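Notes to accompany the following structure.
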Amino acid sequence: MLKISELHKSYKIGDSSLHVLKGIDLSVEAGEMVAIMGSSGSGKSTLLNIIGMLDEADEGEYILDGLPIKNLTEKKAAVYRNKFLGFIFQSFNLINYKNALENVALPLYYQGLKRKERLEKAAFHLEKVGLSAWAHHLPKELSGGQKQRVAIARALAANPKLLLADEPTGALDTKTSHEIMAFIQHLNDEGKTILMVTHEEDIANMCKRIVRLRDGIILEDTIVNQVRAEQYV
Amino acid sequence: MFDIDLWREIFQSINKNRTRSLMSGFTVAFAILLFAILFGIANGLKNTFKEAFGTDANNSIMIFPGRTTKAYKGLQVGRQIQFKNEDRALIKEKYGDKVQFITSKVNKSVSASYRGEKNNYELRGVYPEFMFIENNVVKSGRYINQNDLDNKAKVVVIGKSVEDDLFFKEDPIGKYINLSGIQYKIVGVFTDDEGDSEESVIYMPITTTQFVYGNNDFIDLLHLTYNPEMSNDQALAFGNSIKKVLKDKFDVARDDQRAIRMRNMAEGTKKVELMTSSLTVIILVIGFGTLIAGIVGISNIMIFVVKERTKEIGIRKALGATPRSIVSIILIESIIITTIAGYIGLLIGVGVLELVGPSLEVYFIKDPGVSNSLVVGATLTLIVAGAIAGYLPAKKASEIKPIIALRND
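Listed in order, the protein sequences are those of chains A and B.
Numbering of the first sequence is given in this note's numbering, commencing with residue 243 and proceeding in unit increments.
Numbering of the second sequence is given in this note's numbering, commencing with residue 3 and proceeding in unit increments.
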């Protein structure tokens, strides 16, 4: 599904440059659920952004589903993002003037689907996250957990191969976090490949594999016994 | 290509972000409104100014005889100069094409009466050409013609004020008016846009006047218009040349200022032209000033709008929006807003001018107005400026990495 080798990334801060990723090797198979852990500044978010084509690596190889991701034009990157990837952000990143249904339908708009088809698909995914009743509410009328579920529905709408989550529970309370995690686990059970950045140990343990980063290199890469989130809900 | 979804996106964005849309719209509408009103008022001033100088042929020269103030060639001081018919013929012959129209005039004051209505008027004995020199318009009947002149016909053309004074609900054409005891047939009524004083006048063929009042060939003054193709300086030189010829003919000293006096409109015209052109410059400065203020305003707002939407742009990019779709969504939105707002500003501006225009005449502003093409041009300029001002930041925003745009809170 995903193969990364010798990945380097540094950021310019003023005159000096900060070497964030110092040679990352990682491969993820289809159907895996991987947590990327590390303290802040370990490079975990940067890694996720590069995998998500939101950011570009300086050096190294990145192959996604057999396609080398390198020197993409903005247009091509946009198409790949739309086709392969679904994003879930810590701060939800819903468009505030669009209602839940329209937010979910947005990636389908960029896929060029007809309006009717878009709204049907979006409604289907919204139902999957249990928010049919909230379809016509604006994000500001939803709770944090509901917003994140809308975001998940949006990430799923385009039927991506890989779901990327950046601290998906970072802005949620424990109970809501567990609900969301249960949901993500369920998606994984259905076969979605999931890559998640978190710094919470218990959230990481709900994945099947934990990759620990420190100072830009992989410290540890272990398969774990998945803790099911349902039991806390 | 008409992409209904794109338009739906745009209208949703306009509609859901009302403050932002209204703000940019307001800037544009206000700029166009100000542009129209200021330009209109300036134009009104210009109109007043033009009107103040009337529509008398402004290429006219009047020559009056006077008394000599200097002894010359053995002739004594204080001699009265008297123009005669031959003097008109002399100028006409000598200057040919340079003279457009020329008339000699005899002015008398008469008391006119018709069926008991009575009043005093100025009587002018003139040539038919005088109509063009004064810019008279025949309201009914006809003007004096060559035939009247040849036959010394007892006919007159009266001004509109004379008609109003003496004739109640009666057509004066064909009626006989009594001027100081003699009956004259009225053949026409004229109007003059200089107003009442120029319409309280009665015109008569000059030959008739000369015959009735003294049976001589004396004339009181010469009034001519020079070829309008002459430049101002040429016209001034032309006037001086006529003066010199007449001075020589009447044996007047060259430096005698009173014996033959001249009013050459070319002197005034030069000043009028200068004033008009400086007014035009002021108008242009006002227009451009307002327009530039509008451009700066809309540019600022577009930059702000793009900044405000940076995060949205990041989200859209993460979901698969291409840079092009982002630029077009922002640009089309700004063009729609500026177009609608510009049109509204145009309507209000023109409407205000129409509404308050007439009441501004007291303040020397007559018929304030702007040509439609000018306001439309100004609106288009703002639309283009808004598009450019929106394009640059939109382009830049579409090129930011989504991760940076997303971080922008």
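Each residue gets a CB set at the ideal place from its N, CA and C atoms; glycine is no exception.
What you are looking at is a predicted structure, and each value in this text was computed from that prediction instead of being measured.
Identify, in the order they occur along the chain, each residue of the same chain with its Cβ nearer than 8 angstroms to the Cβ of residue i, setting aside the five sequence neighbours on each side.
{"i": "B:S26", "result": "I300, I303, M304, V307, S336, I339, T340, A343, G388"}
{"i": "B:L281", "result": "A44, L47, K48, F51"}
{"i": "B:I15", "result": "Contrary to the premise, residue 15 of chain B reads as Ser rather than Ile in this sequence. Excluding residues within five positions, the ones whose Cβ falls inside 8 angstroms are I331, E335."}
{"i": "B:A31", "result": "A343, G344, I346, G347, I350"}
{"i": "A:I460", "result": "I266, D267, L268, V453, R454"}
According to DSSP, what are the bridge partners of residue i?
{"i": "B:S62", "result": "B:T227"}
{"i": "A:D463", "result": "A:V453"}
{"i": "B:T193", "result": "B:V139"}
{"i": "B:T105", "result": "B:H225"}
{"i": "A:S328", "result": "The question names Ser, but residue 328 of chain A is Gly in the sequence shown. A:G328 pairs with A:L405."}
{"i": "B:A114", "result": "B:N121, B:L181"}
{"i": "B:F220", "result": "B:K86"}
{"i": "B:V158", "result": "B:I188"}
{"i": "A:S247", "result": "A:E303"}
{"i": "A:R470", "result": "Bridge partners of A:R470: none, in fact."}
{"i": "B:P395", "result": "Answer is none; B:P395 lacks a bridge partner."}
{"i": "B:G127", "result": "B:V108, B:M206"}
{"i": "B:A77", "result": "Per the sequence shown, the amino acid found at residue 77 of chain B is Leu instead of Ala. Answer is B:Y74."}
What I want to know is whether the C-beta of residue i ends up closer than 7 angstroms to one or more non-hydrogen atoms of the ligand ATP.
{"i": "B:M304", "result": "Of ligands this structure carries none, so the ligand ATP is not represented either."}
Relative to the alpha-carbon of residue i, which residue among the options has its alpha-carbon at the smallest distance?
{"i": "B:I146", "options": "B:D166, B:E131, B:D257, B:G289", "result": "B:E131"}
{"i": "B:V378", "options": "B:K403, B:Y345, B:A320, B:I285", "result": "B:Y345"}
{"i": "B:L8", "options": "B:V352, B:I402, B:V386, B:I332", "result": "B:I332"}
{"i": "B:E165", "options": "B:N122, B:N149, B:Q148", "result": "B:N122"}
{"i": "B:K319", "options": "B:A261, B:G291, B:E401", "result": "B:E401"}
{"i": "A:Y253", "options": "A:I246, A:V262, A:S247, A:K245", "result": "A:V262"}
{"i": "B:L40", "options": "B:V214, B:S375, B:V354", "result": "B:V354"}
{"i": "B:S375", "options": "B:V352, B:S113, B:I390, B:G80", "result": "B:V352"}
{"i": "B:N61", "options": "B:L348, B:N266, B:V287, B:V283", "result": "B:N266"}
{"i": "B:L357", "options": "B:V191, B:I43, B:L281", "result": "B:I43"}
{"i": "A:I266", "options": "A:A413, A:L244, A:G328", "result": "A:L244"}
{"i": "B:E88", "options": "B:M264, B:K251, B:L384, B:L349", "result": "B:K251"}
{"i": "A:V469", "options": "A:D297, A:A375, A:A342, A:Q427", "result": "A:Q427"}
{"i": "B:V136", "options": "B:A155, B:Q102, B:G143, B:I93", "result": "First, the residue type needs correcting, since residue 136 of chain B is Glu and not Val in the sequence shown. Per the Cα distances, B:Q102."}
{"i": "A:A272", "options": "A:P349, A:L405, A:L380, A:Q390", "result": "A:L405"}
{"i": "B:G176", "options": "B:L384, B:M232, B:Y116, B:F213", "result": "B:Y116"}
{"i": "B:D195", "options": "B:H225, B:I244, B:F134, B:D150", "result": "B:F134"}
{"i": "B:K309", "options": "B:L77, B:F66, B:A391, B:G98", "result": "B:A391"}
So, at 6 angstroms on beta carbons, what are the nonlocal neighbours of residue i in its own chain, with the 5 sequence-adjacent residues on each side left out?
{"i": "B:K187", "result": "V157, Y178"}
{"i": "B:A268", "result": "N234, A237, L238"}
{"i": "B:V128", "result": "T105, K107, Y205, I208"}
{"i": "A:A277", "result": "M438, T440, A446, C449, I452"}
{"i": "A:A407", "result": "I330, M438"}
{"i": "A:S282", "result": "none"}
{"i": "B:K398", "result": "none"}
{"i": "B:K75", "result": "D253"}
{"i": "A:H420", "result": "A471, Y474, V475"}
{"i": "B:M3", "result": "Any answer about B:M3 is weak, because its pLDDT of 42 lies below 50 and its placement is not dependable; what the coordinates show is given next. Once the five neighbours on either side are set aside, B:M3 has no close Cβ partner at all."}
{"i": "A:A395", "result": "V346, H367, L368, V371"}
{"i": "A:E303", "result": "S247"}
{"i": "B:L168", "result": "Y116, E119"}
Tell me which residues share the same chain as residue i and place their Cβ nearer than 7 angstroms to its Cβ, disregarding the 5 neighbours each side in the sequence.
{"i": "A:G412", "result": "Q332"}
{"i": "B:P325", "result": "S400, E401"}
{"i": "A:A397", "result": "G328, F329, I330, L405"}
{"i": "A:L414", "result": "G386, G387, Q390, I422"}
{"i": "B:D152", "result": "none"}
{"i": "B:F2", "result": "Residue 2 of chain B lies beyond the range of chain B shown here (3 to 411); nothing can be said about it."}
Going residue by residue through the region 393-441 of chain A, where are the continuous beta strand (DSSP E) segments of at least 3 residues, counting only ones entirely within it? 404-408, 435-440
Enumerate, from N- to C-terminal direction, the unbroken alpha helix (DSSP H) stretches of 4 or more residues contained entirely within the region 242-316 of chain B. 267-310
Against chain A, which members of the region 349-361 of chain B pass a CB distance test of less than 8 angstroms? none
Output needed in chain order: residues of the region 305-326 of chain B with a Cβ under 8 angstroms from some Cβ in chain A. K313, E314, G316, I317, R318, K319, A320, L321, G322, A323, T324, P325, R326
Any residues in the region 23-51 of chain B with a beta carbon nearer than 8 angstroms to a beta carbon of chain A? Which ones, in chain order? none
Closer than 8 angstroms, Cβ to any Cβ of chain B: which residues of the region 306-318 of chain A, in chain order? E316, K317
Using a Cβ-Cβ cut-off of less than 8 angstroms, list which residues of the region 430-447 of chain A approach chain B; keep chain order. none
Residues of the region 387-407 of chain B whose Cβ lies closer than 8 angstroms to any Cβ of chain A, in chain order: S400, E401, K403, P404, I405
At a CB distance below 7 angstroms, what residues from the region 287-300 of chain A approach chain B? Give them in sequence order. N291, L296, D297
Inside the region 313-390 of chain B only - beta strand (DSSP E) runs reaching at least 3 residues: none
Every unbroken beta strand (DSSP E) inside the region 252-338 of chain A [3 residues or more]: 258-270, 275-279, 301-306, 327-330
Note down, in chain order, all residues in the region 373-405 of chain A with a beta-carbon under 8 angstroms from any beta-carbon belonging to chain B. R396, A400
Sequence ranges, beta strand (DSSP E) only - wholly within the region 327-391 of chain A, length at least 3: 327-330
Report the residues of the region 10-24 of chain B with a CB closer than 8 angstroms to any CB of chain A, ordered along the chain. R10, E11, Q14, S15, K18, N19
Chain B contacts from the region 252-272 of chain A (Cβ-Cβ distance under 8 angstroms): none
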